[in-house]
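All letters in the sequence shown, in the order written, are residues -19 to -1, 1 to 403 by mature numbering (1 follows the signal peptide of the UniProt record, and there is no 0). Backbone N, C-alpha and C define an ideal beta-carbon position, used for all residues, glycine too. Presented below is the structure to which this report refers.
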Amino acid sequence: MRSLTSLSLAAAVIPLSSAYPWALNIANGEGNAAEISEAVTSTLSKRADGGTCPVHVLRKGAAPYSDVYPSKYTGAKNGLPGTGKGGVLVPAKGDTAHAYVKPSASDVRGPCPGLNTLANHNFISHDGQTTFTEMVDAAQNVYNWKYDLATFVATVGVAQDGDPLTQTMSIGCAGGLPKSGTGLQTHNKFEADASLARTDYALSPTGDAYTVNGTLFGEMIDTCADQKFSLECMAKYNQQRFNESLNTNGQFFNGPFTFFVLGTSLLPMDSFANFKSGTGNPTVSDMAAFWGVSQQSDGRWTYNRNEKLPQDWYNRPEALSLPFIADQVFEQYGLYPTYLGGNTGEPNTFVGLNYPGFVEDGTLQDASPNGIICLLYQTVAIGVPTSLLQTLAQASPALDFLQSKLNSGFTANFGCKTGQNA
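See below:
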């Protein structure tokens, strides 16, 4: 593995320039920051909308929680903490407001199976245009995430892929949001290469990195179903996907948000498993329901866009916390570490990322649970590396939103430096 130093910058830029023309401007010191940032954003999002994207000027909004069912969920409402007491049937018996409703062609869906499922059950807006409050409530009530985890994920989502001023976010393509380069499927933010079951952005002719790839879903099932999607097996599968992208995708990039990919690989065990017996039991049929896939007679898996909660599904009894997830991600990283960085135009031309204070030559400088969480925080607060050569700085509304939601907790619980220049 190589390191991207000033001496090797020009050589690295040449193959990248065919895919990213703005790369030469960066290397040559040409163009102002605003122009380059806009060019990068346009490049990353030009295919993400797939040419057309449903526009929802007025959001439908989530189905309200009935007062009949507060004890059936955690009681989380209005973006505030719930009880954290789970182990309940979801949707609750008689809660027809949150029954599955098939998405229409005008409903936006994206790369996150958990959010797609929430939208199809109206726990967040069925049209796919959700809000910070909807996501925080739904994550607690449906998956029994603790308030710290729910707010962290929702905050980072809105700051990265949504509109912090209105605290709204599309779970897929932009869908009419006023800010360019928004929507959860925008490449190299939440949506990243080497994901569990989706094609790499550069390997799809249309940039479709959000639809489930049945072949990759089958690989995940074949690799880990017999081991109940254990942490160890999913860590191994993550490394397998890393190597596949490294060997086939010349534009492969593995940035700091890869740790969200590691977190996603814990969903089957931590969030999607059926806890009806009190102990999580992640089955193939349950995973197929959450990912919206069907198995054909020849054994192939195909995407059906019907992500839903499995029948007779009970959420986890104990709330899932951010420190617990951080420990799990750290354990995964320790079992099968992967470097941060990317290829330079051809497969197997990997160069390590340098991200001052956090990553040197592709290696974490603080490889601890707190170090990983603080890296993610600072990645959002300071700017997101979207390639080997470019970091998109945060606009002040996104930074203000991030700090208003997370600063006190991150200082107290993780020891993160929370200033923009930390």
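Pairwise C-alpha distance: residue j and residue i
i, j, result
"residue 433", "Thr196", "The question about residue 433 has no answer here: the residues shown for the chain are numbered -19 through 403."
"Leu227", "Gly75", "49 Å"
"Cys397", "Thr239", "19 Å"
"Met116", "Ile105", "7 Å"
"residue 406", "Leu165", "Past the boundaries of the shown model lies residue 406; the chain is included only from -19 to 403, so the question cannot be answered."
"Arg297", "Gln277", "30 Å"
"Tyr54", "Ala254", "17 Å"
"Gly109", "Tyr46", "18 Å"
"Thr163", "Asp381", "18 Å"
"Val361", "Glu225", "27 Å"
"Ile152", "Phe113", "12 Å"
"Cys93", "Tyr182", "15 Å"
"Thr136", "Ala269", "28 Å"
"Ala15", "Leu321", "Since pLDDT at Ala15 reaches only 42, below the 50 mark, its modelled position is unreliable, and the value read off the structure follows with that caveat. In a straight line, the C-alpha of Ala15 is about 26 Å away from that of Leu321."
"Phe391", "Leu290", "32 Å"
"Gly273", "Asn287", "5 Å"
"Asn335", "Ala175", "20 Å"
"Gly12", "Cys205", "For Gly12, the predicted structure reports a pLDDT of 39, less than 50, and the residue's modelled location is therefore unreliable. The matter cannot be settled from this model."
"Asp48", "Ala86", "32 Å"
"Asp207", "Ser385", "43 Å"
"Ser258", "Thr187", "43 Å"
"Ser275", "Glu341", "43 Å"
"Met150", "Asp203", "34 Å"
"Trp282", "Asn324", "30 Å"
"Thr33", "Pro337", "38 Å"
Minimum C-alpha distance to residue i - residue among the options
i, options, result
"Leu96", "Gly259, Arg40, Phe271, Thr283", "Phe271"
"Asp279", "Ala135, Leu39, Thr77, Gly199", "Gly199"
"Val265", "Thr111, Ala131, Met201", "Met201"
"Cys154", "Asp189, Pro62, Leu369, Gln208", "Asp189"
"Val82", "Gly63, Ala73, Asn103", "Asn103"
"Gly333", "Thr187, Ala86, Gln141, Gly343", "Gly343"
"Phe331", "Leu369, Tyr284, Val49, Ala206", "Leu369"
"Phe311", "Thr132, Ser211, Ala216", "Ala216"
"Tyr284", "Thr132, Asn194, Pro378, Asn394", "Asn194"
"Gly143", "Ala379, Leu39, Asp48", "Ala379"
"Lys209", "Asn335, Ala175, Asp267, Leu177", "Asp267"
"Pro145", "Ala86, Ala73, Ser377", "Ser377"
"Leu177", "Ala80, Cys214, Thr132", "Cys214"
"Pro72", "Thr33, Asn394, Ala393, Gln292", "Gln292"
Residue i in three-state terms, based on DSSP
i, result
"His79", "helix"
"Tyr317", "coil"
"Phe339", "coil"
"Val89", "coil"
"Ser151", "strand"
"Leu25", "Here Leu25 scores only 40 on pLDDT, less than 50, and its place in the model should not be relied on; the value that follows carries that caveat. Residue state, collapsed to three classes: helix."
"Asp118", "helix"
"Gln208", "helix"
"Thr64", "coil"
"Asn388", "helix"
"Tyr191", "coil"
"Leu383", "helix"
"Glu225", "helix"
Beta-carbon proximity list for residue i, same chain, < 8 Å, skipping 5 on both sides
i, result
"Thr319", "Asn219, Gln220, Phe223, Asn235, Thr239"
"Ala173", "Phe234, Asn235, Gly236, Phe238, Thr239, Phe241, Val242"
Test item: CB-CB of residue i and residue j under 8 Å
i, j, result
"Phe256", "Tyr295", "yes"
"Thr245", "Leu184", "no"
"Pro304", "Pro263", "no"
"Ala300", "Lys170", "no"
"Pro35", "Val89", "yes"
"Asn125", "Gly65", "yes"
"Val134", "Gln148", "no"
"Leu316", "Tyr358", "no"
"Gln309", "Leu212", "yes"
"Leu130", "Ile353", "no"
"Ala78", "Ala100", "no"
7 Å Cβ shell around residue i - same chain, five flanking residues per side excluded
i, result
"Asp118", "Ala57, Lys58, Gly60"
"Gly42", "Ser106"
"Tyr191", "Gly91, Pro92, Gly153, Gln166, Glu172, Arg179"
"Leu383", "Thr136, Ala140, Val361, Ala362"
"Thr98", "Phe271, Glu288, Lys289, Leu290"
"Cys355", "Phe395, Cys397"
Same chain, Cβ closer than 6 Å to residue i, neighbours up to 5 away in sequence not counted
i, result
"Pro328", "Asn228, Thr229, Gly231"
"Asp251", "Leu301"
"Phe70", "For the record, residue 70 in the displayed sequence is Leu; it is not Phe. For Leu70, where only same-chain residues beyond five positions count, the Cβ hits under 6 Å are Tyr295."
"Gly67", "Asn125, Asn296, Arg297, Pro298"
"Gly261", "Ala254"
"Gly63", "Thr55, Gly56, Ala57, Gln121"
"Arg40", "Ser106, Gln110"
Contact with chain C by residue i, beta-carbon distance below 8 Å
i, result
"Phe113", "Absent from the structure is chain C; it holds one protein chain and no more."
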